[in-house]
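Novice: Here it is, the structure, as structure tokens.
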Amino acid sequence: MTPHSILHDFLHLFFPDCCCVCGNKLNVSENGICLECLYKLPKTNNFKIPGNKAEELMAGRFPFQRIASFCVYTKDGILQKLVHQFKYNNRKEIAIMLGRLFANDILGSEFISSIDLIVPVPLHPKRLKIRGYNQSELIARGMSEVTEISVSSSNLIRSIYNPTQTKRSRTQRWENVKDIFELRDINEFANKHVLLVDDVITTGSTIEACSIPILKCNNVKISIATLGEVF
């Protein structure tokens, strides 16, 4: 055992961590969320289902290969509590862990087998400075650790600072993200199958806006992976 792990175990005896979902004390081997709550995650397994609800939502809006979401996202549900932790409470390790779990599920499937690059939905530098990290990039990093597929986090950029999408209608969400993304190097994604990664898909406006500059690349293919779906 390392000195760090010994100190962690000692502190855990007197100041035990609690599950951010149910509030129960965590075992030393648990991180952020207990195994019981992890077991209860409302997984969709929709990477196995061509024509799933997420794909129906985006059908006809732009050319894509496949779309998969790890879990159903509901108000006060398990995933909502986890997303809140890594977006607003600096619990970066939870985003990485969920990315790993999602990747473990899709590993070896047709959904992931032809992917060349993982591309997180970017934050504007102003919001990145405020939050300190891009949660979608953390999810992508977790997925990359399992799949060994490289992450491209600097080519697709958010060039315009826009207000949050929260509590906006479908039309307002599209107007809010239209023309705010661009590519630094159009050749980087040429002849590649990219996996666009975000935390939650609601109306699909952000994903659609990201696709516009990507689809300008020669012979590019796009698939999408999100931790949650709201329908």
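Residue numbers (the working numbering): 913 to 1143. Where a beta carbon is used, it is the ideal one built from N, C-alpha and C, also for glycine.
Can you pull the DSSP bridge partners for C983?
Specialist: BP columns for C983 point to K955, G1140.
Novice: Under the three-state reduction of DSSP, which class applies to S1135: helix, strand or coil?
Specialist: In this structure, S1135 counts as strand in the three-state DSSP scheme.
Novice: Quick test of your reading: I1092 and K1128, contact by CB under 8 Å. State the CB separation rounded to the nearest angstrom.
Specialist: Wrong, their Cβ atoms sit about 15 Å apart, outside the cutoff.
Novice: CB L1107 to CB I1027, shorter than 8 Å?
Specialist: The answer is yes: Cβ separation under 8 Å.
Novice: Between the C-alpha atoms of P962 and R1039, what's the straight-line distance to the nearest angstrom?
Specialist: Distance between the alpha carbons of P962 and R1039 is about 35 Å.
Novice: What are the boundary residues of the beta strand (DSSP E) that includes D1110?
Specialist: Where D1110 is concerned, the enclosing beta strand (DSSP E) stretches over 1105 to 1113.
Novice: Give me the Cα-Cα distance between Y985 and N1130, rounded to the nearest whole angstrom.
Specialist: Cα to Cα, Y985 sits roughly 34 Å from N1130.
Novice: Going by the beta-carbon positions, is the gap between T956 and C932 smaller than 8 Å?
Specialist: No, the Cβ-Cβ distance between T956 and C932 is not below 8 Å.
Novice: Taking the straight line between their C-alpha atoms, what separation do you get for Q1077 and I1113?
Specialist: Because Q1077 carries a pLDDT of 49, less than 50, the predicted location of this residue cannot be relied on, and no value is offered for it.
Novice: Could you spell out where the alpha helix (DSSP H) holding I1119 opens and where it closes?
Specialist: Run containing I1119: 1117 to 1126, per the alpha helix (DSSP H) assignment.
Novice: According to the Cβ coordinates, are S1135 and Q977 closer than 8 Å?
Specialist: Yes.
Novice: Around the Cβ of K960, are there at least 16 other Cβ atoms within 10 angstroms (buried) or fewer (exposed)?
Specialist: Under this definition K960 is an exposed residue.
Novice: What residues in its chain sit with their C-beta under 7 Å from that of I1018, if we drop five residues either side in the sequence?
Specialist: Around I1018: F959, A980, I1024.
Novice: Quick check on DSSP: helix, strand or coil for L969?
Specialist: In the structure shown, L969 sits in a helix (DSSP, three-state: H, G or I).
Novice: Starting from I990, follow the beta strand (DSSP E) in both directions and report where the run begins and ends.
Specialist: Taken as a continuous stretch (DSSP letters only), I990 belongs to no beta strand (DSSP E), being part of the alpha helix (DSSP H) at 990 to 1000.
Novice: Can you round the beta-carbon distance between V1033 and V1132 to whole angstroms, since I take them to be within the 8 Å contact cut?
Specialist: At roughly 16 Å, the Cβ-Cβ gap does not stay under 8 Å, so V1033 and V1132 are not in contact.
Novice: Where R1096 and P1125 are concerned, what is the direct C-alpha to C-alpha distance, given to the nearest angstrom?
Specialist: Going by the C-alpha atoms only, they are around 10 Å apart.
Novice: Comparing alpha-carbon positions, which option in S1021, L1010, Y1000, Y1045 lies nearest N943?
Specialist: Measuring from the Cα of N943, the nearest candidate turns out to be L1010.
Novice: My assumption, with CB atoms under 8 Å, is that G1116 sits in contact with M970. Please give the rounded CB distance.
Specialist: That pair is a contact at about 5 Å.
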